[in-house]
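Asks: First the structure, then my questions, so here it is.
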Amino acid sequence: MLPLRDHNPSRSTPVINYLLIVLNILMFFWEMSLGRNFERALSAVAFIPARFWSGEFLLPNIMTIFVSMFLHGGLLHIGGNMLYLWIFGDNIEDHLGHFRYLIFYLACGFIATLSHAFFNPASVVPSIGASGAIAGVLGAYIILFPSARVTTLIPIFFFITIRELPAVFILGFWFVLQFFSGVGSLGAQNAGGVAYFAHIGGFVAGMILVLLMGGRRFR
């Protein structure tokens with residue numbers, strides 16, 4: 015299922031959400047400009063769990079967590095992430111306010127990355143993408159707007175249909191998929207390059223943080 019838009023208008027202009035999307039896109043253009051030097055640069059600036067747990071250069075390794083939130087591995091990676099952020103991020107910013115939304119977003123991404131590192135401590139594969147932070151946005155959305163209608167593209171075998179579904183169904187299905195995929199990847203040598211536990215950790219962090227930061231359900 016692929017969400018296309020929600021029917022939940024914001025009361026304010028989501029300035030921070032727009033800036034986050036623009037920054038992600040600019041960073042992606044920077045990655046593409048590196049050409050054959052991309053992998054070398056990635057190993058230097060991206061978060062690597064094994065390097066983090068080694069205890070060396072703790073502050074630089076913590077900084078790589080935040081840098082990695084704005085790096086992506088390809089067009090589909092950044093395209094999917096930015097679509098979800100565009101659809102669901104504006105309402106969370108509208109509810110929390112601009113500054114608190116920025117703190118919320120970065121905190122969710124930070125917790126998501128640590129969740130991935132906890133379950134994959136020996137991994138030397140760079141962990142990149144805004145997925146963990148955006149998972150936090152989805153977790154907050156399911157708390158605040160569970161009944162919001164979301165126009166969704168649904169492939170059924172060889173057919174494609176578009177339906178309006180409640181957010182709790184779309185986002186709940188997404189979380190269940192991440193959870194079982196994450197559990198299934200435990201102990202696997204190759205989990206397909208997807209940081210499922212970053213998604214799980216970010217989602218749960220978003221649900222909790224939005225409440226701690228003053229969130230409540232809207233009618």
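Here the sequence shown is numbered in our numbering, starting from 15 and rising by one per residue.
Every residue, glycine too, gets a C-beta built ideally from N, C-alpha and C.
Distance, Cα to Cα, Leu89 vs Ala212?
Replies: Leu89 and Ala212: Cα-Cα distance of roughly 20 Å.
Asks: Pull up the CB-CB distance for Asn22 and Ala162, whole angstroms please, since I reckon it's below 8 Å.
Replies: Asn22 to Ala162, Cβ: 4 Å. Contact.
Asks: Could you pull out every unbroken beta strand (DSSP E) segment of at least 3 residues lying fully inside the region 111-196, listed in chain order?
Replies: Listed in chain order, the complete beta strand (DSSP E) runs (minimum 3 residues) inside the region 111-196 are 163-170 and 173-180.
Asks: Could you give the distance in angstroms between the alpha-carbon of Ser198 and the alpha-carbon of Val36?
Replies: Looking at the sequence itself, residue 198 is Gly, so the reference to Ser does not match. Roughly 34 Å between the two C-alpha positions.
Asks: Extract the residue ranges of the alpha helix (DSSP H) inside the region 17-67, only unbroken runs of 4 or more that lie entirely within it.
Replies: The region 17-67 contains these whole alpha helix (DSSP H) runs: 29-47, 52-59 and 63-67.
Asks: For Ile157, which option in Met221, Leu56, Ala136 and Pro17 has the closest C-alpha, if you only look at C-alpha atoms?
Replies: Comparing Cα positions, the closest option is Met221.
Asks: Please determine whether the Cβ atom of Ser129 lies at a distance below 7 Å from any heavy atom of the ligand FMN.
Replies: Questions concerning the ligand FMN fall outside what the structure shown contains, since it holds no ligand whatsoever.
Asks: Do Ser137 and Pro74 have their C-beta atoms within less than 8 Å of each other?
Replies: Contact flag unset, no.
Asks: Under three-state DSSP, which class holds Glu107?
Replies: Here Glu107 sits in helix by DSSP.
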